[in-house]
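Protein chains: 6
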Amino acid sequence: MVIYVSRKETFSASHRLFNKNLSDEENQKIFGKCSNPNGHGHNYVLEVIIQGEPDPSTGYVIDLKLLKTIIRENVINKVDHKNLNLDVDFLKDIIPTTENIAAGIWKQLKDKIPSGRLYSVKLYETEKNFVEYKGE
Amino acid sequence: MVIYVSRKETFSASHRLFNKNLSDEENQKIFGKCSNPNGHGHNYVLEVIIQGEPDPSTGYVIDLKLLKTIIRENVINKVDHKNLNLDVDFLKDIIPTTENIAAGIWKQLKDKIPSGRLYSVKLYETEKNFVEYKGE
Amino acid sequence: MVIYVSRKETFSASHRLFNKNLSDEENQKIFGKCSNPNGHGHNYVLEVIIQGEPDPSTGYVIDLKLLKTIIRENVINKVDHKNLNLDVDFLKDIIPTTENIAAGIWKQLKDKIPSGRLYSVKLYETEKNFVEYKGE
Amino acid sequence: MVIYVSRKETFSASHRLFNKNLSDEENQKIFGKCSNPNGHGHNYVLEVIIQGEPDPSTGYVIDLKLLKTIIRENVINKVDHKNLNLDVDFLKDIIPTTENIAAGIWKQLKDKIPSGRLYSVKLYETEKNFVEYKGE
Amino acid sequence: MVIYVSRKETFSASHRLFNKNLSDEENQKIFGKCSNPNGHGHNYVLEVIIQGEPDPSTGYVIDLKLLKTIIRENVINKVDHKNLNLDVDFLKDIIPTTENIAAGIWKQLKDKIPSGRLYSVKLYETEKNFVEYKGE
Amino acid sequence: MVIYVSRKETFSASHRLFNKNLSDEENQKIFGKCSNPNGHGHNYVLEVIIQGEPDPSTGYVIDLKLLKTIIRENVINKVDHKNLNLDVDFLKDIIPTTENIAAGIWKQLKDKIPSGRLYSVKLYETEKNFVEYKGE
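Residue numbers (our numbering), protein chains in the order written: chain A, 4 to 139; chain B, 4 to 139; chain C, 4 to 139; chain D, 4 to 139; chain E, 4 to 139; chain F, 4 to 139.
What follows is the structure in structure tokens.
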């Protein structure tokens with residue numbers, strides 16, 4: 004029996020979209036207001052989905068209290084109330100689009116799941132814009 | 004043409020997580036506050052997804068009024084305003100984790116769908132904790 | 004690396020469910036209050052999911068500002084504040100169930116995506132009733 | 004002790020904003036796309052707030068099951084899956100703006116509350132547009 | 004300058020509505036399924052509103068991190084994952100309707116606010132049923 | 004007849020809480036992680052409430068399309084995708100707490116409402132933290 008178990012966490016962060024290899028004009032053309040030099044920010048919503056079989060003695064694929072701790076220690080504590088361009092080791096040298104942040108979070112989490120396996124990382128930048136990465 | 008049709012219903016229930024084959028200490032260690040002897044409860048949100056081809060004469064994979072009735076008769080009426088450990092025939096002798104409740108709901112519904120087929124049962128214990136079961 | 008990128012838009016429209024090849028009694032029996040002769044309406048929520056690889060120079064699978072424009076020009080402007088039975092060219096001669104509207108929106112969008120490919124169209128008629136179509 | 008007790012219900016309806024005493028051009032200028040001749044529609048959310056003192060023997064200001072029944076019989080059954088311009092007796096000869104619908108619902112309900120008194124009617128046309136009427 | 008500052012917290016609890024001075028038949032007649040002998044439960048949402056003037060040196064009416072701590076220590080830790088009939092000192096000997104729980108929470112909080120004053124306690128039993136108490 | 008009409012808009016911005024007259028240690032003690040030197044950010048939700056009497060010829064207290072334009076021109080265009088400490092003229096020299104931003108938005112809007120009068124500005128920094136200002 005395969006069950007998908009999800010945990011949602013939130014974090015508030017600032018970022019600026021720009022590619023340092025491009026000119027200011029090109030950055031402005033590609034990223035528009037998302038490239039404001041002084042940055043802007045979001046309340047991100049992160050959803051982590053684990054796939055696995057419930058343990059018969061607990062009925063859990065994974066203890067969600069433990070999953071919450073793993074997400075907080077490996078992701079939330081590093082990005083919450085931070086600037087994603089400047090303050091986060093695992094986002095160094097990438098353009099912090101929602102796509103790239105989700106992929107970075109995947110790498111942070113994939114080897115930390117003690118039961119089941121990491122199936123998907125969903126990241127909402129706003130209620131209207133969001134991405135999903137399944138490690139493929 | 005394959006369409007996935009979803010219906011959301013809610014129910015309010017109490018439960019207690021514990022494994023009767025384990026000691027009180029072990030239950031406390033595994034389930035923590037979820038094992039409070041007098042129980043606690045949730046507003047569960049249930050999402051049932053049916054997969055099928057729309058009937059050309061109705062444009063429906065399944066009439067959602069009918070799906071709502073099927074979910075209410077087979078699930079909601081049995082769990083809403085109930086204690087999931089004590090009051091529910093189809094959850095007898097299982098630990099009522101979200102994983103196990105979702106699997107129990109799947110069994111309640113899988114043979115009751117008159118058009119299309121049951122594709123998935125999603126169950127939200129809270130807005131932050133939820134599971135999905137696809138019958139595999 | 005495959006990322007799924009989603010954009011949510013909303014529109015408000017009226018419709019009436021009926022099959023002109025059936026009698027009034029049959030329509031009433033099948034569609035009930037959804038067949039009210041003077042119609043009724045909904046705030047539809049549309050979710051469009053694009054699948055693709057992020058461009059290394061932008062970090063985008065698709066620029067969401069562009070995706071928003073494509074959805075507005077090809078879908079929202081044609082259905083928002085309209086009667087889905089009478090006012091929409093791409094829904095002519097279909098029964099405007101959520102299933103059929105989603106399939107119609109898929110056809111409107113599938114050749115308009117400049118990077119990545121259209122993966123899924125989700126359409127919420129209400130918070131409780133919604134469908135998904137993946138073009139299969 | 005004064006407590007405010009709220010109950011939320013929803014209905015789906017179509018409408019068209021126009022003033023029959025004005026020309027088509029004036030209606031178009033005032034109401035724009037809201038005046039589409041074939042109408043459009045919404046999932047309205049209605050919130051009814053009762054003010055009163057809890058009865059010591061029940062702990063209720065008003066039994067919410069009873070309030071739900073009163074709202075359904077006097078409002079929801081008359082507006083759900085209807086055309087607000089054509090099908091609703093208590094909205095005859097008014098322009099069905101959210102303001103006017105809320106005031107009409109107030110009149111429907113104000114004498115029907117068996118304990119406590121009607122304090123407020125809130126009506127959401129969309130998540131972004133809503134009104135409140137307190138009978139003043 | 005008077006500002007109203009709100010903080011939302013959640014808790015999951017079970018309860019049973021019944022009046023021990025009434026017969027089982029009377030309890031069943033008044034409370035219906037809410038009086039299920041083995042209880043049921045909810046994800047409660049609590050909103051606490053503080054009224055006051057921002058401190059010029061901080062821009063805060065009250066530090067929300069502090070307000071969160073006050074709410075957790077005085078309310079959430081006492082009700083979360085508990086049975087409201089049996090486990091909560093400040094709800095002893097009351098019928099745990101939403102009205103009575105809100106009034107009990109008011110009493111827990113009213114003398115604990117270090118800046119500003121407690122203006123309102125809102126308590127959502129479900130998304131559709133909620134109450135507000137302002138200490139009057 | 005007095006009706007309260009509300010319009011919700013959103014904006015995404017970054018900020019840093021600190022008082023330039025205090026030392027770094029004092030700022031850190033008061034504002035904690037909200038004082039991160041490189042800033043952080045939020046998806047703010049702004050709710051503007053207008054109080055007035057519906058115009059009999061339109062049924063509107065205020066045309067919400069017009070209110071939306073007024074809010075966008077006077078507020079959203081100045082704060083969306085901006086740094087609230089550095090980029091916003093009407094927030095110069097204030098600590099950008101939610102309290103102070105709401106008061107600043109009030110001043111931006113109070114003389115711009117063509118029918119009815121500004122009744123309240125609500126500002127959500129997150130779903131859990133929000134303030135209301137009524138100009139008193």
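Just so you know, even glycine gets a beta-carbon here, dropped at the ideal spot from N, CA and C.
None of these values were measured; they are calculated from a predicted model.
- If you look at F93 of chain F, you'll find it isn't in any beta strand (DSSP E); DSSP assigns it neither H nor E.
- With contacts defined as CB atoms closer than 7 Å, I116 of chain C and P57 of chain C fail to qualify as a contacting pair.
- Ranked by Cα distance from K131 of chain A, the options C:V51, C:I104, C:N86, C:F21 are led by C:V51.
- Residues G44, H45, N46, Y47, D83, H84 of the same chain have their beta carbon placed closer than 8 Å to that of S15 of chain C, with the five preceding and five following residues left out of the count.
- Chain-order list of chain F residues neighbouring I6 of chain E: E102, A105, A106, V134, E135, Y136, by C-beta distance under 8 Å.
- Per DSSP, K11 of chain C lies in no alpha helix (DSSP H); the unbroken beta strand (DSSP E) holding it starts and ends at 6-18.
- According to DSSP, residue pairing for Q54 of chain C in a beta bridge involves C:Y7, C:R120.
- For V64 of chain B and E139 of chain A, the gap between their C-alpha atoms comes out near 32 Å.
- Chain E has no Cβ within less than 7 Å of the Cβ of K71 of chain B.
- A straight-line Cα-Cα distance of about 29 Å links L25 of chain D and V78 of chain D.
- The Cβ atoms of N30 of chain E and S17 of chain E lie no closer than 7 Å to each other.
- When secondary structure is reduced to three states using DSSP, L112 of chain B falls in the helix class.
- For E102 of chain E, the three-state secondary structure derived from DSSP is helix.
- Using a Cβ-Cβ cut-off of 7 Å, D90 of chain A counts as an interface residue toward chain F, since at least one Cβ of chain F sits closer than that to its own.
- Cα atoms of G42 of chain A and L20 of chain B: separation of roughly 46 Å, rounded to the nearest angstrom.
- Look at K131 of chain C: its C-beta is under 7 Å from a C-beta on chain B.
- Per DSSP, the beta bridge partners of G44 of chain B are B:S17.
- When the beta-carbon positions are compared, Y136 of chain B and Q54 of chain B stay at least 7 Å from each other.
- Between the C-alpha atoms of L67 of chain C and D92 of chain F there is a straight-line separation of about 29 Å.
- A distance below 7 Å separates the beta carbons of S9 of chain C and F133 of chain A.
- Excluding sequence positions up to five before and after K71 of chain A, its CB lies within less than 8 Å of the CB of R10, E12, all in the same chain and listed in chain order.
- Scanning chain B for C-beta atoms nearer than 7 Å to the C-beta of I33 of chain C yields T61, reported in chain order.
- When DSSP states are grouped into helix, strand and coil, N132 of chain A belongs to the strand group.
- Sequence-distant partners of L94 of chain C (beyond 5 residues in either direction) whose C-beta falls short of 7 Å from its own C-beta, in its chain, are L87, I104, G107.
- Per DSSP, reduced to three states, the secondary structure at N86 of chain D is strand.
- In its chain, beyond the 5 residues on either side, P117 have a beta carbon closer than 8 Å to the beta carbon of L69 of chain C.
- Rounded to whole angstroms, the gap between the alpha carbons of L49 of chain F and E28 of chain B is 49 Å.
- Annotation: Cβ neighbours of N86 of chain A in chain F (cutoff 9 Å, chain order): S17, N39, P40, N41, G42, H43, G44.
- Under DSSP, L126 of chain C forms a beta bridge with C:L49, C:V134.
- DSSP places D27 of chain C inside the alpha helix (DSSP H), whose first and last residues are 27-34.
- Of the candidates A:Q111, A:I97, A:N22, A:K36, A:Q111 places its Cα closest to the Cα of R75 of chain A.
- Remark: C-beta atoms of T100 of chain E and G62 of chain D approach each other more closely than 7 Å.
- Check the Cα spacing between P59 of chain A and each of B:N80, B:D114, B:Y127, B:N22: the tightest is with B:N22.
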